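Protein chains in written order, with this note's numbering: chain V, 61 to 413; chain A, 215 to 560. Just so you know, even glycine gets a beta-carbon here, dropped at the ideal spot from N, CA and C. Just so we're clear, the structure is a prediction, and the values are computed from it rather than from any experiment.
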Amino acid sequence: MTITSEPDTHTSGQPSDRLDAAALLSMLGEMLLIRRFEERCAQSYQQAKIGGFCHLYIGQEAVAVGSISALRDDDPIITAYRDHGHALARGMDPRLAMAEMFGKVTGCSKGKGGSMHLFDKEHHMYGGHAIVGGQCPLGVGIAFGIQYQQEDKVCVCYLGDGALNQGAFHEAMNLAAIWKLPILFVVENNQYSMGTHIARGTSMADDLSVKAGAYGMRYAECDGMGVLKVYDCFAKAAEQTRAGEGPCLINVETYRFKGHSMSDPQKYRTKEEVAEFEEHDCIQRLRRRLLDRHLATEEQILDLDEKAKKLALEAVKFAEESPATPVEEMFTDVYSQPFEPYRRGEAAEGFRE
Amino acid sequence: MTRKIQFREALNEAMCEEMERDERVFLMGEEVAYYNGAYKVSQGMLERFGARRVVDTPISETGFAGLGVGAAMYGLRPIIEFMSWSFCLVAADQIINNAPKMLYMSGGQFKVPIVFRGNNGAGGQLGSTHSWAVEAMFASVPGLKMAIPSTPRDGKGLLKTAIRDDDPVFFLESERMLGFGARGDADFSRYLHDDRWAPPAAEEDKEFLIPFGQADIKKEGADCTIVALGRPVHFALEAAEQLEKEGIDCEVIDPRTIRPLDIDTIVRSVRKTNYCVVVDQSWPFASIASEIAAQVYEQALDDLDNKIIRVNNDDVPAPYARNLEQEMLPNAKKIIEAVRAVTYRA
Numbered sequence: 061m062t063i064t065s066e067p068d069t070h071t072s073g074q075p076s077d078r079l080d081a082a083a084l085l086s087m088l089g090e091m092l093l094i095r096r097f098e099e100r101c102a103q104s105y106q107q108a109k110i111g112g113f114c115h116l117y118i119g120q121e122a123v124a125v126g127s128i129s130a131l132r133d134d135d136p137i138i139t140a141y142r143d144h145g146h147a148l149a150r151g152m153d154p155r156l157a158m159a160e161m162f163g164k165v166t167g168c169s170k171g172k173g174g175s176m177h178l179f180d181k182e183h184h185m186y187g188g189h190a191i192v193g194g195q196c197p198l199g200v201g202i203a204f205g206i207q208y209q210q211e212d213k214v215c216v217c218y219l220g221d222g223a224l225n226q227g228a229f230h231e232a233m234n235l236a237a238i239w240k241l242p243i244l245f246v247v248e249n250n251q252y253s254m255g256t257h258i259a260r261g262t263s264m265a266d267d268l269s270v271k272a273g274a275y276g277m278r279y280a281e282c283d284g285m286g287v288l289k290v291y292d293c294f295a296k297a298a299e300q301t302r303a304g305e306g307p308c309l310i311n312v313e314t315y316r317f318k319g320h321s322m323s324d325p326q327k328y329r330t331k332e333e334v335a336e337f338e339e340h341d342c343i344q345r346l347r348r349r350l351l352d353r354h355l356a357t358e359e360q361i362l363d364l365d366e367k368a369k370k371l372a373l374e375a376v377k378f379a380e381e382s383p384a385t386p387v388e389e390m391f392t393d394v395y396s397q398p399f400e401p402y403r404r405g406e407a408a409e410g411f412r413e
Numbered sequence: 215m216t217r218k219i220q221f222r223e224a225l226n227e228a229m230c231e232e233m234e235r236d237e238r239v240f241l242m243g244e245e246v247a248y249y250n251g252a253y254k255v256s257q258g259m260l261e262r263f264g265a266r267r268v269v270d271t272p273i274s275e276t277g278f279a280g281l282g283v284g285a286a287m288y289g290l291r292p293i294i295e296f297m298s299w300s301f302c303l304v305a306a307d308q309i310i311n312n313a314p315k316m317l318y319m320s321g322g323q324f325k326v327p328i329v330f331r332g333n334n335g336a337g338g339q340l341g342s343t344h345s346w347a348v349e350a351m352f353a354s355v356p357g358l359k360m361a362i363p364s365t366p367r368d369g370k371g372l373l374k375t376a377i378r379d380d381d382p383v384f385f386l387e388s389e390r391m392l393g394f395g396a397r398g399d400a401d402f403s404r405y406l407h408d409d410r411w412a413p414p415a416a417e418e419d420k421e422f423l424i425p426f427g428q429a430d431i432k433k434e435g436a437d438c439t440i441v442a443l444g445r446p447v448h449f450a451l452e453a454a455e456q457l458e459k460e461g462i463d464c465e466v467i468d469p470r471t472i473r474p475l476d477i478d479t480i481v482r483s484v485r486k487t488n489y490c491v492v493v494d495q496s497w498p499f500a501s502i503a504s505e506i507a508a509q510v511y512e513q514a515l516d517d518l519d520n521k522i523i524r525v526n527n528d529d530v531p532a533p534y535a536r537n538l539e540q541e542m543l544p545n546a547k548k549i550i551e552a553v554r555a556v557t558y559r560a
């Protein structure tokens, strides 16, 4: 792991040089929104208002925000189950995301998807996908669609380091490589697939470039605790892919500050290790940069944080006050073109009435 | 005069017509392009449509099946060919987790208009790994549709419908039937003569679509209903010819699609004949035959004069030996015995 606490001071000649104070503040605001949103998720989960599995993005905010900031608004993205951050960074209304987790009809998927399956077609977010690695072939399909229709877009497919060992990932890499598809595979390398450290489960864990090399694919890596480092890496990679240079595997070294899911006692790592990474918090890093360079005042940043807290709280309020998804809704969206007779599953006709 | 057409040619016609009609439709799979199809279903399509739309893949079912789902989410209309449905098992997450549930999990945002098609069931001494009949296993998954044609006519009409459908369609063909029609009338039952066998050519009717959920009565009869899909329809018709000589007039119903299932036509037939045999090339436990039998019992119990008999594959992995494989399948002999038994003429 090469995460350093170095301030982002050596960025001359980087794409992020062109970001003005407003753009940087906007990125900080997005990271803060994700952080505050996730804190409310944790709270709501503990209050049993959110059920099922819930995977928090706290610690990794710079990855979604830095990468998505470097893309165009209509570049499609697809990700795994730790998907709240991507959805928010992509522009999903936090109220819809929270309502989804509360299982309400106002949720982005009317309460049929849940935390791990957030979708937002309007913002070109092709879902959270909960079977590890299963989204990789889907991402390749989106990239195939871009190439088929000769569009000037790049698909970004996020995966965790645990997905590196799934067959679906490797098949997707091969297809993307042989057809030079416009896709960036992003390993959000937080070192742990649930409780298994990458070194225990993944060959060549200390040099993931070989995974790309095996497919003759471009490779890039960046410090995922620095949002501008991520931005620069993605701006360059996306530009190359858009220019027809094919896919790229990007290893983003990051760290999740919380457990794998909400029920993780974290026996597999020390408190000291977590504390060390928390020292490199992406939010604090960008905050320091803004202050050090006099690009923002402490007051402005506090305002941003207040705004983020307010949005997160409003999301909870909206979700709480939203009506439950009516039972009738259970039978919609099964088919685009439904048919009759359709057996809904009653034990006897009219059983539910 | 009936058109002389092989099953594989009818499937080819369906794909070509739909690709002419809709630029978003493409065919992808192993050996579909330069090899002209492992079973020559896609003969000539590369030449006609080019490598952009007729795409050879490496042997990578998870990869290209999932690619199809992603491309469908993005707005294309993929036809994904499995050389055999037996090979789809390695892609199970993509075809039964991703394809049929995407619309639901996204609250209606992302539809998946995709066709997965290929050979299903025993091919001829291929052994257990290559002889899967997947219909029972997959038909229980909500969100997908499933068609199992038994004639070139149904094959073409149903495949065109499948390609135009906005939901994922599992389209089950049979290697043993692809060459049916090559020798003309000798290949099929006399009940399928005249216009029952061949679909119209494109010049006659570009809109020859057979709607899903409409069973076809392959042979009318008064004494006993036989329900069968796909290749077993031919076993059932063979059995019906034999039984006719014994004075048992069977009605052979081919539902053609399982999801949706036209149970009404089946029940109407049972109400007329009062006896029912269901033929199915999947294993007996929790099979298509089980489901059809259960639904007939639910709707027509009082009309049945005997229990329903199910004729399935025997409950063993498909054996290699020719005699054993023949014995394992739901052949005409078993159907004849079942009809005699159910009509109290055993």
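DSSP three-state assignment for residue i, whether helix, strand or coil
{"i": "Tyr186/V", "result": "strand"}
{"i": "Tyr395/V", "result": "coil"}
{"i": "Thr439/A", "result": "strand"}
{"i": "Lys213/V", "result": "coil"}
{"i": "Leu241/A", "result": "strand"}
{"i": "Tyr279/V", "result": "strand"}
{"i": "Asn537/A", "result": "helix"}
{"i": "Gly332/A", "result": "strand"}
{"i": "Leu79/V", "result": "coil"}
{"i": "Lys342/V", "result": "A quick correction: the sequence has Cys, not Lys, at residue 342/V. Helix."}
{"i": "Pro544/A", "result": "coil"}
{"i": "Ile361/V", "result": "helix"}
{"i": "Arg94/V", "result": "The identity of residue 94/V in the sequence shown is Ile, whereas the question assumes Arg. Three-state DSSP puts Ile94/V in a helix."}
Residue-level contact to chain A via CB, residue i, 7 Å cutoff
{"i": "Leu198/V", "result": "yes"}
{"i": "Gly304/V", "result": "no"}
{"i": "Phe337/V", "result": "no"}
{"i": "Ile110/V", "result": "no"}
{"i": "Thr62/V", "result": "Since pLDDT at Thr62/V reaches only 49, below the 50 mark, its modelled position is unreliable, and the value read off the structure follows with that caveat. No, because no Cβ of chain A sits closer than 7 Å to the Cβ of Thr62/V."}
{"i": "Phe204/V", "result": "yes"}
{"i": "Gly151/V", "result": "no"}
{"i": "Gly201/V", "result": "yes"}
Exposed unless 16 or more other CB atoms sit within 10 angstroms - verdict on residue i
{"i": "His320/V", "result": "buried"}
{"i": "Ser169/V", "result": "buried"}
{"i": "Ala361/A", "result": "buried"}
{"i": "Ala412/A", "result": "buried"}
{"i": "Gly188/V", "result": "buried"}
Beta carbon proximity, residue i to chain V, threshold 7 Å
{"i": "Thr276/A", "result": "yes"}
{"i": "Asp585/A", "result": "Because residue 585/A is not part of the residues shown, which for chain A are 215 to 560, the question remains open."}
{"i": "Leu281/A", "result": "yes"}
{"i": "Lys521/A", "result": "no"}
{"i": "Thr479/A", "result": "no"}
Residue nearest to residue i in terms of C-alpha spacing, selected from the options
{"i": "Ala279/A", "options": "Ile293/A, Gly289/A, Arg267/A, Asp494/A", "result": "Ile293/A"}
{"i": "Ser364/A", "options": "Met351/A, Phe402/A, Phe330/A", "result": "Phe402/A"}
{"i": "Ala228/A", "options": "Asp430/A, Val329/A, Ala350/A", "result": "Val329/A"}
{"i": "Ser263/V", "options": "Lys172/V, Gln326/V, Asp221/V", "result": "Asp221/V"}
{"i": "Ser323/V", "options": "Ala274/V, Phe399/V, Ala102/V", "result": "Ala102/V"}
{"i": "Asp77/V", "options": "Ala190/V, Glu299/V, Asp292/V", "result": "Asp292/V"}
{"i": "Phe449/A", "options": "Asp437/A, Thr343/A, Lys433/A", "result": "Lys433/A"}
{"i": "Ala500/A", "options": "Thr471/A, Met351/A, Gly427/A", "result": "Met351/A"}
{"i": "Cys302/A", "options": "Gly322/A, Met287/A, Asn333/A", "result": "Asn333/A"}
{"i": "His144/V", "options": "Ala274/V, Lys181/V, Phe317/V, Glu160/V", "result": "Glu160/V"}
{"i": "Asp399/A", "options": "Leu317/A, Ser298/A, Arg410/A", "result": "Arg410/A"}
{"i": "Gln339/A", "options": "Asp408/A, Arg390/A, Arg267/A, Ile550/A", "result": "Arg390/A"}
{"i": "Leu290/A", "options": "Ala429/A, Phe296/A, Leu281/A", "result": "Leu281/A"}
Neighbour flag for residue i against chain C, beta carbons, 7 Å
{"i": "Gly163/V", "result": "In the structure shown, chain C does not exist; the protein chains are V and A."}
- When Cβ atoms are compared, which residues of the stretch 170 to 192 of chain V fall closer than 7 Å to chain A? Lys170, Lys172, Gly173, His177, Phe179, Lys181, Tyr186, Gly187, Ile191
- Query: For the stretch 214 to 248 of chain V, which residues have a beta carbon sitting closer than 8 Å to at least one beta carbon of chain A?
  - Reply: Gly227, Ala228, Glu231, Ala232, Asn234, Leu235, Ile238
- At a Cβ cut of 8 Å, what residues of the stretch 379 to 398 of chain V count as close to chain A, listed as they run along the chain? Thr392, Asp393, Val394, Tyr395, Ser396, Gln397
- Task: Select from the stretch 284 to 317 of chain A all residues with a C-beta closer than 7 Å to any C-beta belonging to chain V, and list them in chain order.
- Result: Cβ contacts with chain V: Gly284, Ala285, Met287, Tyr288, Gly289, Leu290, Asp307, Gln308, Asn311, Asn312, Leu317.
- Task: With 9 Å as the limit, tell me which residues of the stretch 359 to 378 of chain A have their beta carbon closer than that to any beta carbon of chain V; keep them in chain order.
- Result: Sequence-ordered contacts of the stretch 359 to 378 of chain A with chain V read Lys359 [C-beta pairs closer than 9 Å].
- Item | Near-chain V residues of the stretch 338 to 361 of chain A - C-beta to any C-beta below 7 Å | Pro356, Gly357
- Residues of the stretch 485 to 517 of chain A with Cβ closer than 7 Å to any Cβ of chain V, in chain order: Across the stretch 485 to 517 of chain A, no CB contact with chain V closer than 7 Å is found for any residue.
- Item | Short-range partners of chain A found in the stretch 128 to 159 of chain V, where Cβ spacing is below 8 Å | Pro136, Ile138
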